[in-house]
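Each remark here refers to the structure printed beneath this line.
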Amino acid sequence: MTLNDIATQVRQAFYGAESQRIQRGTDDIRVMVRYPEEERRSLGNLEELMIRTPSGAEVPFLSIADFSLGNSYSSINRQDGRRIITVRADVDRTVVTPDEIQREVINKFLNPWERELNVEMVIGGEGEQRLDSLSDLYSTFPLALMVIFALLAIPLKSYLQPLVIMSVIPFGAIGAICGHFIMGADLVFFSLLGIIALSGVVINASLVLVVSINRMRAEGVGMVDAVSKAGEMRFRPIVLTSITTFMGLVPLIITANPATFFIIPMAISLAFGVLFATIITLFLVPSLYLILHDFIGHTDTTEERALAYQQ
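Have a look at this one:
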């Protein structure tokens, strides 16, 4: 007899063997044949079990096999013909982040196991969902930038001025990354969502500056004077708007409520990104506007050009 023959008879005795199936409406009823309940209650019943040999004789189980107590899986799951084991856990975000756990698992288990054992480990759950979401963001974010560019180009009637306005977007991302470093927070998926949201927020200040400069230029004000006066006129509203936005997000950033921990990285990205991009906007946009003015070939008087270089 083989080990499989003995195991099959033990399973049929204690778990049962399907003898037939009865269809009742939409229900499929299985009829199982096995020992009575009083004969399969303990290990003593296993010792008394009679095993049928290929010749038809019955012999005691202990005369042809032995058993010992041990641990086993309650069920064996397979995927594509390979055994799989799923490990699940809930993360206490007040103590550790999912990204930290993932890095720890990869360094401590995944890398050694893949080198020494014939196993494959796949990170699922939140990590898998985050990767799927990131792939969607990578494909839709350029489209969002194109829409923003079109919305700016149509009213401004220019293809270059929208580029000046959107030039502050990378600096918003830099500010968000610096904010995570200052707050000691990890850069996670919700941080990236905040950075993407910044793309539509940080251009407000530069848009206000460019529109003000264009309006003054339409009124006949010189280039240098238009840039200077627009900066003076819009400095206070731009700075106050950014500061109030930052201060409005501070309570969310410093909260200790576990229910809001997952959106704190997004708040950090928005708060520090807006603050940093605003400071850059006040210097970068006027400079780029003057460079654009020279690039497209507008002619100024010698006095105006000399004054521009001095300023």
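Residue numbers for the sequence shown follow this note's numbering, so the first one is 24 and each next one is one higher. Where a beta carbon is used, it is the ideal one built from N, C-alpha and C, also for glycine. This structure is a prediction, so every number in the text was calculated from the model and none was measured.
Cβ atoms of Gln32 and Ile99 stay farther apart than 8 Å, at about 20 Å. Restricting attention to Ile236, Ile302 and Thr283, the CA atom closest to the CA of Thr264 is found in Ile302. Setting aside the 5 residues that flank it on each side, Ile52 is surrounded in the same chain by Arg44, Ile45 and Gln46, each with a C-beta closer than 8 Å to its C-beta; the list follows chain order. Counting along the chain, Val114 sits inside no beta strand (DSSP E), nor does DSSP assign it H or E at all. A Cβ-Cβ distance of about 13 Å is found for the pair Gly217 and Phe299, leaving them out of contact under the 8 Å criterion. Taken through DSSP and simplified to helix, strand or coil, Ala208 comes out as coil.
Met24 counts as exposed, since fewer than 16 other beta carbons sit within 10 angstroms of its beta carbon. For Asp122, the uninterrupted alpha helix (DSSP H) segment begins and ends at Pro121 to Val128. In the DSSP secondary-structure assignment, Pro83 is bridged to Met73. Here the alpha carbons of Met169 and His316 stand approximately 23 Å from one another. Collapsing the DSSP output to three states places Met256 in a helix.
For Val191, the closest C-alpha among the options Leu215, Glu242, Leu311 and Leu133 is that of Leu311.
Note that the region 160 to 174 does not touch the region 267 to 284; fewer than 3 beta-carbon pairs, one per stretch, sit closer than 8 Å.
The shortest C-alpha to C-alpha distance from Ala249 to any of Leu26, Ile171, Glu139 and Val233 is the one to Val233.
Rounded to the nearest angstrom, the gap between the Cα atoms of Glu255 and Ser235 is 11 Å. A residue is called buried when at least 16 other Cβ atoms come within 10 angstroms of its Cβ; Ser65 does not meet this threshold and is exposed. Contact between Thr268 and Val231 fails: their C-beta atoms lie close to 14 Å from each other, not under 8 Å. The three-state secondary structure of Glu60, taken from DSSP, is helix. Per DSSP, reduced to three states, the secondary structure at Ile99 is coil, with no helix or strand assignment.
Between the alpha carbons of Leu313 and Met246 lies a distance of about 8 Å. Met189 sits away from Ile219, with the two beta carbons spaced by 8 Å or more. Across the structure, Leu72 and Pro83 are spaced so that their CA atoms are roughly 6 Å apart.
With respect to the 8 Å criterion, Ala176 and Tyr182 are classified as neighbours on the basis of their beta carbons. If the five residues before and after Trp136 are omitted, its C-beta is found closer than 6 Å to the C-beta atoms of Val142, all from its own chain and listed in chain order.
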